[in-house]
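**Student:** My numbering puts the first residue of the sequence shown at 72, with every later residue one more than the last.
I have a structure here, written as structure tokens, and I will follow up with some questions on it.
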Amino acid sequence: MLNSSDTISKQTSEVRASPGNAPRCKILVLFGTRPEVVKLAPVIAELRKHPAFQTIVVSSSQHTDLLAPFLKIFSLKVDFDLRVMTANQTPNQVAAKVLAALDAVLEREKPDLILVQGDTTTAFAGAFAAFNRKIRIGHVEAGLRSGNALSPFPEESNRRLVSQLAAFHFCATSGNKKNLLAENIAEKDVFVCGNTVVDALHFILANRQSSAAIEKTIGETDHLKRILLTTHRRESFGAAMTGNLQILREFVEKQQDVCLLFPVHPNPNVRGVTEEILANRARIYLLEPLGYADFAALMKAAWLIVSDSGGVQEEAPSLGKPLLVLRENTERPEAIESGIAKLVGENLERLLRENYADETWINSVKTIKNPFGDGTAAKRIVEILEKTFATNNTNSTNKRMSK
Ligand code: UDP
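Below, the structure is given as structure tokens:
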């Protein structure tokens, strides 16, 4: 029972119903990390426009500190907070807590559908908890595949497992759809909608101001070519990260018209080595993790983005910015195939040097069409749900898992 659990904080006394007619469908939206908030915020906003839906927002708080500014910027209110975060947890510990805590919410709220996003342990455990209660699952950003079950770990396997459980697969690209069809997911359940991160980015750029502090940094570096760096993924930890940071430091030292802007992820595996290699160097700016409006402003102001992030691979094309992907493989080949991004592998030093000397590629990406959509993905997702739920009230248990 919900009341017996001290791990859940119910944030509102009454879960909001959509205005107008009585809702026909209760949708629970689950997130736990920064990119999930960014990518689900447009879907929640769209769901709330439709009287057919009652939306319940649940945070696992898999990330805590990083999450708060993102909730704020999208004006998101959490209905239930599962509070699973403690330091140095294993994916199993996160999954176990999400399963137990979410189960109590599912028992109480009895949603008709749960929406999960992407590839986190929160997304997988949320889908599995819903499956065990015969609740239908919609997977936002379905069908990404790196082809290696252990890289990225555990994300690649998380998303494959969610695909086995979901009733609705909302893909960003036709390539994602192809991946799902190759795994025998029924075509009628797969929808190509674009990536909701494009919607989120458009919203932020049109509606939110970046901070005075970030504008000051942009002003101070106006005469320089800005490299914007993010790196935080497990695969990058250790020797790979040390090597990459050293190469970037040497490049900035050598090229006096270049600066490096790096919002440093709080993970100690990133902080330690960053301090050691990059602190107190000319034209290297080590920043705290940024709110979305500030990060978007820096992406816009960048000469080149260097990143191992998934979301940034979709955002760089939205802004026409060249991107070096700090990874060996990517589940977002569209960014590479379109010509906007280059996969770094072992070649960071060479790629920096070559593209500095000849800016043909850097200049060419401005005009390339964004392969991740046009900013209407959330609308499409909600239209599909609207169509499905418009005529049937699915509250009865025996309809829950049928597709
Ligand atoms: N981001 C941000 N501030 C930062 C770094 C990243 O707002 O300091 C945003 C970024 O624009 C993207 C999301 O966070 O939308 C990506 O999150 P992350 O790289 O942590 O996760 P991934 O996308 O790799 O799963």
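Here a beta-carbon is modelled for each residue, glycine too, at the ideal position from N, C-alpha and C.
Let me confirm a value: T431 is counted as buried when at least 16 other C-beta atoms fall within 10 Å, else exposed. Which label applies?
**Tutor:** By the 10 Å Cβ count, T431 comes out exposed.
**Student:** In three-state terms, what does DSSP make of N250?
**Tutor:** DSSP places N250 in helix when its eight states are reduced to three.
**Student:** Between which two residues does the alpha helix (DSSP H) carrying K458 extend?
**Tutor:** From DSSP, the alpha helix (DSSP H) with K458 extends over 448 to 461.
**Student:** Is T104 near the ligand UDP, going by C-beta to nearest heavy atom under 8 Å?
**Tutor:** Yes, the ligand UDP has a heavy atom inside 8 Å of this Cβ.
**Student:** Name the DSSP bridge partner or partners of A412?
**Tutor:** Beta-bridge pairing links A412 to L394.
**Student:** Given a cut-off of 9 Å on the beta-carbon distance, is the pair A271 and V383 in contact?
**Tutor:** Going by C-beta atoms, A271 is not nearer than 9 Å to V383.
**Student:** In terms of DSSP beta bridges, what is K296 paired with?
**Tutor:** Its beta-bridge partners are V329.
**Student:** Should K392 go down as buried or exposed, given a rule of 16 or more other Cβ atoms within 10 Å for buried?
**Tutor:** The residue is buried, with at least 16 neighbouring Cβ atoms inside 10 Å.
**Student:** Taking only runs of the alpha helix (DSSP H) that begin and end inside the stretch 209 to 264, which ones reach a length of at least 4 residues, in chain order?
**Tutor:** Counting only runs of 4 or more, we get 226 to 236, 245 to 253.
**Student:** Is L361 near the ligand UDP, judged by its Cβ being under 8 Å from some heavy atom?
**Tutor:** Result yes, Cβ under 8 Å from the ligand UDP.
**Student:** What does a CB cutoff of less than 6 Å around S473 pick up in its chain, not counting 5 residues either side in sequence?
**Tutor:** Annotation note: pLDDT 46 at S473 (below 50); position unreliable, no value reported.
**Student:** Could you please give the first and the last residue of the uninterrupted beta strand (DSSP E) stretch that includes T192?
**Tutor:** Not the beta strand (DSSP E): T192 falls in the alpha helix (DSSP H), residues 192 to 203.
**Student:** List the residues that DSSP assigns as beta-bridge partners of R207.
**Tutor:** Beta-bridge pairing links R207 to L184.
**Student:** When the Cα of H336 is compared with those of S380, A167, R352, which residue comes out closest?
**Tutor:** When only C-alpha atoms are compared, the closest one is S380.
**Student:** Determine contact between the stretch 189 to 209 and the stretch 129 to 140, defined as no fewer than three beta-carbon pairs at a distance below 8 Å.
**Tutor:** As far as the Cβ criterion goes, the stretch 189 to 209 touches the stretch 129 to 140, which means the pair count is three or higher.
**Student:** So the beta strand (DSSP E) F443 belongs to, where does it begin and stop?
**Tutor:** That residue, F443, is in no beta strand (DSSP E); it is neither H nor E in DSSP.
**Student:** From what residue to what residue does the beta strand (DSSP E) around T431 run?
**Tutor:** Careful: T431 lies outside any beta strand (DSSP E), inside the alpha helix (DSSP H) at 431 to 435.
**Student:** Give a yes or no on whether the C-beta atoms belonging to L170 and R207 are separated by under 9 Å.
**Tutor:** Not a contact, by the Cβ cut-off of 9 Å.
**Student:** Can the beta-carbon of E483 be found closer than 9 Å to that of L221?
**Tutor:** Residue coverage of the chain in this structure runs from 72 to 474, which leaves residue 483 outside it and unanswerable.
**Student:** Please give the ranges of any beta strand (DSSP E) in the stretch 298 to 382, keeping only runs that are unbroken, at least 3 residues long and fully inside the region.
**Tutor:** Complete beta strand (DSSP E) runs here, min 3: 329 to 334, 355 to 358, 375 to 378.
**Student:** Once DSSP output is grouped into helix, strand and coil, what is the label at V149?
**Tutor:** Note: V149 maps to coil in three-state DSSP.
**Student:** Going by alpha carbons, who is nearest to V263 out of F443, F460, K458?
**Tutor:** Closest by alpha carbon: F443.
**Student:** Which residue wins for smallest C-alpha separation from I289, given the options F333, L316, T135, S389?
**Tutor:** Closest option to I289, Cα to Cα, is F333.
**Student:** Cα separation between R305 and A93?
**Tutor:** C-alpha separation (whole angstroms): 45 Å.
**Student:** Per DSSP, which one or two residues make a beta bridge with T126?
**Tutor:** I98.
**Student:** Please report the residue range of the alpha helix (DSSP H) in which L54 lies.
**Tutor:** Given that the chain is displayed from residue 72 to residue 474, the structure contains no residue 54 and the question cannot be resolved.
**Student:** Rounded to whole angstroms, what's the CA-CA distance from F145 to Y363? Just pull it up for me.
**Tutor:** Their Cα atoms are separated by approximately 9 Å.
**Student:** In whole angstroms, what is the alpha-carbon distance linking S281 and M370?
**Tutor:** If you take the alpha carbons of S281 and M370, they lie about 12 Å apart.
**Student:** For A33 and V329, I'd like the C-alpha separation in whole angstroms.
**Tutor:** Nothing about residue 33 can be read from this structure; the chain reaches only from 72 to 474.
**Student:** Where does the unbroken alpha helix (DSSP H) through R403 begin, and where does it stop?
**Tutor:** That residue, R403, is in no alpha helix (DSSP H); it is neither H nor E in DSSP.
**Student:** How big is the Cα-Cα spacing for L153 and D429?
**Tutor:** Spanning the two alpha carbons is a distance of roughly 50 Å.
**Student:** Is any heavy atom in the ligand UDP found nearer than 8 Å to the beta carbon of F308?
**Tutor:** No, Cβ of F308 sits at least 8 Å from all heavy atoms of the ligand UDP.
**Student:** Look at the alpha carbon of P339 and the alpha carbon of H303, and state the distance between them as a whole number of angstroms.
**Tutor:** So the alpha carbons of these two residues sit roughly 10 Å apart.
**Student:** Under 8 Å by Cβ, that's how I've got T313 and I355 pegged, so tell me the actual separation to the nearest angstrom.
**Tutor:** That pair is no contact at about 16 Å.
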